[in-house]
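Structure, as structure tokens:
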Amino acid sequence: MKLKITYSLISALLALLSIPSNNIEGIQLLTQETTFEAGQSIILKFSGYTEETPRLYVSNSYGSTIITPLAESDYLNYQIPESISNKTGFVSWKLLGKSLLSGTFNIISKQKTVVLETYLGPPSIQAGGTDYSMLVVIPTDSFDNPLVDGTKVTVKHQFLDNQSNEDILIKNRIAYKNIYSETKTGRILVSSECLGLNSKEFTVNVMPAIPTGFDISYQRNHDYADGNQITTFSTSIINDKYGNLVSDGTYVEFFISNNSNHILKTFGTAINGVAHAKMIHPDHEDQWTVKAYVEGMAESNQIELVYKPIISDFNAVFSESNRTINVGPLKSFMSQMIPDGLEVSLSVYENDIKLETLTKSSFEGYVTFKLDNNNFPGKNYTFKIKTAGIEKTYPNIKL
Numbered sequence: 026m027k028l029k030i031t032y033s034l035i036s037a038l039l040a041l042l043s044i045p046s047n048n049i050e051g052i053q054l055l056t057q058e059t060t061f062e063a064g065q066s067i068i069l070k071f072s073g074y075t076e077e078t079p080r081l082y083v084s085n086s087y088g089s090t091i092i093t094p095l096a097e098s099d100y101l102n103y104q105i106p107e108s109i110s111n112k113t114g115f116v117s118w119k120l121l122g123k124s125l126l127s128g129t130f131n132i133i134s135k136q137k138t139v140v141l142e143t144y145l146g147p148p149s150i151q152a153g154g155t156d157y158s159m160l161v162v163i164p165t166d167s168f169d170n171p172l173v174d175g176t177k178v179t180v181k182h183q184f185l186d187n188q189s190n191e192d193i194l195i196k197n198r199i200a201y202k203n204i205y206s207e208t209k210t211g212r213i214l215v216s217s218e219c220l221g222l223n224s225k226e227f228t229v230n231v232m233p234a235i236p237t238g239f240d241i242s243y244q245r246n247h248d249y250a251d252g253n254q255i256t257t258f259s260t261s262i263i264n265d266k267y268g269n270l271v272s273d274g275t276y277v278e279f280f281i282s283n284n285s286n287h288i289l290k291t292f293g294t295a296i297n298g299v300a301h302a303k304m305i306h307p308d309h310e311d312q313w314t315v316k317a318y319v320e321g322m323a324e325s326n327q328i329e330l331v332y333k334p335i336i337s338d339f340n341a342v343f344s345e346s347n348r349t350i351n352v353g354p355l356k357s358f359m360s361q362m363i364p365d366g367l368e369v370s371l372s373v374y375e376n377d378i379k380l381e382t383l384t385k386s387s388f389e390g391y392v393t394f395k396l397d398n399n400n401f402p403g404k405n406y407t408f409k410i411k412t413a414g415i416e417k418t419y420p421n422i423k424l
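Read in order, the letters of the sequence shown are residues 26 to 424 in my numbering.
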């Protein structure tokens, strides 16, 4: 009986000795820190070193990696690579193998600004105090990590005689401020500062608001419809509702309605708040109604202009079997020859049917028409000659 009991004890002891030595379940984390600064050397230290050394799986928002430990007596040291230790955020780790050990630690940015990423836009805003440009500041450390929330950023801006500083706090890795316009036009200078580092200077242009109504006037050398002189239209000084001159280059259109209900159009661009536009005189008696617009924003008063006929009559002389027609002299309001370029038209009719209209411009007060045999064979024709709004008819002219 004793031999049987002794045999059983020896067998049990041998069985225990045959089990491999594995104390991995006894590994413990010795590193107590859970928050590190970017760029700091990070080593996770574990106790319970065994011959079977587990590797460490590490992951952050930039990626993941597996680390082989450095054995030191009874300790396991895991050196976190710089690709992870230089970037802010939470890092998760887990020992691979039979161990259930896992955890997280946090990497925060270095509280020293190396770069101020600064954005400002739009670069132009409208006067009046309702439009604004937004300044966005992202201070980063030497590893391009945004600084922690709550870090103070000072926004500085200057406009005309006013200069101010305002402190704002970083939230969600950025700091921002709306820079509102004032009622006057000009330039706002903006800069920022964080932890002793200053940004470059930015500029916001405060432009005039929508223009208000304005008046128009005209200037001309005379009021005769000579088709040669120029009438110049001008606006009064165009302002916005805050008294600012409109921007140079503001487009002003002048619409002209004549007695024939036709619409003529000319335009000008504002310089120092005033726009000018030109239109050539009509070549016949006419009356114009003129109004100007800054499209979709402002309009002017309405003015009327009357143009008197430059000539009251003219002569036409037929020669060379009536195939040569000389029109003239065409005299102006002071009995002077009209300026070159007055349009004279000759319409040829046969049995009340218009065959052709010939048009020429005057030269030294005369116009000459020559009728070709091929186009106008020998027959009786009616001729209508028109110039400066005056029309004369010559019936039954035999060629």
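Yeah, the Cβ is synthetic: ideal placement off N, Cα and C, and Gly gets one too.
Here the structure is a predicted model, which means the values were calculated and not measured.
| query | Would DSSP call Lys423 helix, strand or coil? | reply | strand
Checklist line | Continuous alpha helix (DSSP H) stretch holding Ser108: start and end | finding: Counting along the chain, the alpha helix (DSSP H) containing Ser108 begins and ends at 107-110.
Report the partner residues of Asn190 according to the DSSP bridge assignment.
-> The beta-bridge partner set that DSSP reports for Asn190 consists of Lys181.
Note to self: What would DSSP say about Gly51, mapped onto helix, strand or coil?
What the structure shows: helix
Look at the alpha carbon of Asn187 and the alpha carbon of Pro236, and state the distance between them as a whole number of angstroms. 26 angstroms
Residues that Leu371 bridges to, as DSSP identifies them: Leu383, Ile410
What's the gap between the Cα of Ile296 and the Cα of Tyr267? Rounded to the nearest angstrom, the two C-alpha atoms are 18 angstroms apart.
| According to DSSP, what are the bridge partners of Tyr144? | Val161
* Helix or strand or just coil, what does DSSP make of His287? -> coil
Note to self: Would Ile415 and Phe339 qualify as a contact pair, given that the criterion is a beta-carbon distance under 8 angstroms?
What the structure shows: yes
* Counting only the same chain and skipping the five closest in sequence on each side, list residues whose C-beta sits under 8 angstroms from that of Gln104. => Ser66, Ile67, Ile68, Ile92, Leu95
_Per the DSSP calculation, Arg212 is bridged to which residue(s)?_
Note: Arg212 sits in a beta bridge opposite Asn230.
Practice problem: Kindly indicate which residue of Asn102, Tyr87, Asn85, Leu160 has the alpha-carbon position closest to the one of Leu55. | Solution: Asn102
Q.
Can you tell me whether Pro354 is helix, strand or coil according to DSSP?
A. Residue state, collapsed to three classes: coil.
For Tyr249 and Leu330, what's the separation of their Cα atoms in angstroms?
11 angstroms
_Is the beta carbon of Val139 closer than 8 angstroms to that of Phe130?_
no
- prompt: CB Glu278 to CB Phe258, shorter than 8 angstroms?
  reply: no
Within its chain, find whatever has a CB closer than 6 angstroms to the CB of Thr407; leave out the 5 residues flanking it on each side and keep chain order. Tyr374, Pro420
Which residues does DSSP list as the beta-bridge partners of Ser242? Ser259
Straight-line gap, Thr393 to Asn286 (C-alpha atoms, nearest Å)
32 angstroms
Hey, Ser206 and Ser217: beta-carbon distance below 8 angstroms or not?
no
Buried/exposed call for Val298, threshold 16 Cβ in 10 Å: Note that residue 298 is Gly in the sequence shown here, rather than Val. Gly298 should be labelled buried.
Going by Cα to Cα distance, which pick from Ala200, Lys409, Leu185 is closest to Arg212?
-> Leu185
Where do the ends of the beta strand (DSSP E) carrying Thr60 lie? Element bounds for Thr60: 60-62.
Excluding sequence positions up to five away, which residues of its chain have a Cβ less than 6 angstroms from the Cβ of Pro164?
Thr138, Leu141, Leu172, Cys219
Local conformation of Phe343 per DSSP, three classes: strand
Contact check, Asn197 vs Asp174, beta carbons under 8 angstroms = yes
* Asked: For Tyr276, does the count of other Cβ atoms within 10 angstroms reach 16, so buried, or fall short, so exposed?
  -> Classification of Tyr276: exposed, given that the 10 Å Cβ count is below 16.
Query - Unbroken stretches of the alpha helix (DSSP H), 4 residues or longer, contained in the stretch 97-137 - result: Those alpha helix (DSSP H) runs which fall completely within the stretch 97-137 and span 4+ residues are 107-110.
Residues of its chain near Phe388, where Cβ-Cβ distance is below 6 angstroms and the 5 sequence neighbours each way are ignored = Asp365
Point to revise | Residues near Gln312 by beta carbon distance below 8 angstroms, same chain, minus five either side | key: Asn283, Asn284, Glu329, Leu330, Val331, Tyr332
- prompt: What does Tyr391 pair with, by DSSP beta-bridge criteria?
  reply: According to DSSP, which records beta bridges pairwise, Tyr391 is partnered with Phe388.
Pick from Pro106, Ser272, Asn405: whose alpha carbon is nearest that of Leu380? Asn405
Review point. When DSSP labels each residue in this structure, what does Phe401 get in the three-state scheme?
Key: DSSP places Phe401 in coil when its eight states are reduced to three.
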